[in-house]
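Novice: All residue numbers for the sequence shown refer to my numbering, where the first residue is -12 and numbers rise by one.
Built from N, CA and C at the ideal position, the CB exists for glycine as well.
It should be emphasised that the depicted structure is a prediction, and the values quoted were computed from it without experimental measurement.
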Amino acid sequence: MYIVINELEKDVLREIINISLARAADSFANFSKKAVLLAVPEIKIIEPRVLPDVIDEFEDEYQIIRAEIEGELSGKTFLLFSEEQTEKLAEACLNNTSKIDIQSKEALLITVSQIITRAIVDELHHLLQLQLKALPSEALFDYEQLPISYILEDLPAHQPFVIAIKTQFQKLVNPLELPLIVVLHANSVSKLLHILRQNNLYDFRLLQDKD
């Protein structure tokens, strides 16, 4: 299935993700010692054929947390944490970081993934009336940091559609940026774009009416 997305449609997708992350930031107040702002400075729509090349741009090794999305759309989210990013996040959200074990850090990363994925699912439901649910997040490889290329083995056999997002955590002592990869099946993307186009996306009425 060949999918064409124009720049205005990319802007709408970016705005939906931005709104989702703004709502997710509120949830972090429940356990973070500091206020957190989430923003999306960059979003890329990646064609499946060039995905391996994009993956190769990530040179660090990461703890990879995966969550699945089910319902009227089907897909997965992958949130990537380097060792340095994990330490910064633990410093912001947990007490006595010098005594935190690996399991506790992984539990924190899973919580972050759940908050972000559920926020995206909730916003898609709120804006587009899609019936979706986010399954529990899990570590793709327990307690290990591996090259991001390992996620290629976990993608659907048919060509996926990928949104790569740099997620900024601001208002921390040291702001950090996490790669977030949203993978949607091609038929899900086709349905999503059909809904956006039906709702007069070109004047952003869809987002304005739901604000």
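1) Give the straight-line distance between the Cα atoms of Ala12 and Ile107, rounded to the nearest whole angstrom.
2) When the Cα of Gln116 is compared with those of Leu(-5), Gly62, Leu179, Leu165, which residue comes out closest?
3) Could you round the C-beta distance between Leu167 and Thr64 to whole angstroms and report it? I think they count as a contact, below 8 Å.
4) Give the secondary structure of Thr15 by DSSP, where H, G and I count as helix, E and B as strand, and everything else as coil.
5) Measuring straight from C-alpha to C-alpha, what distance separates Ala77 and Leu95?
6) Taking C-beta to C-beta, are Leu163 and Lys75 nearer than 7 Å?
7) Give the straight-line distance between the Cα atoms of Glu70 and Lys120, rounded to the nearest whole angstrom.
8) Would you mind working out which of Ile51, Glu59, Pro123 sits nearest Val176, comparing C-alpha positions?
9) Nearest to Leu122 by alpha carbon, out of Leu111, His113, Arg105?
10) Buried or exposed: where does Glu110 fall if 16 or more other Cβ atoms within 10 Å of its Cβ makes it buried?
11) Can you check DSSP and say which residues form a bridge with Ala54?
Specialist: A quick look at the data gives this:
1) Near 12 Å, if we compare the C-alpha coordinates of Ile107 and Ala12.
2) The residue with the shortest Cα to Cα distance from Gln116 is Leu179.
3) Contact holds; Cβ gap of about 7 Å.
4) In the sequence as presented, Thr is not what sits at residue 15; that position holds Phe. It is helical.
5) Ala77 and Leu95 have their C-alpha atoms spaced approximately 7 Å apart.
6) The beta carbons of Leu163 and Lys75 sit closer together than 7 Å.
7) A straight line joining the alpha-carbon of Glu70 with that of Lys120 spans about 29 Å.
8) The shortest C-alpha separation from Val176 is found at Glu59.
9) Ranking the options by Cα distance to Leu122, first place goes to Arg105.
10) By the neighbour-count rule (16 or more Cβ atoms within 10 Å), Glu110 is buried.
11) Per DSSP, Thr64.
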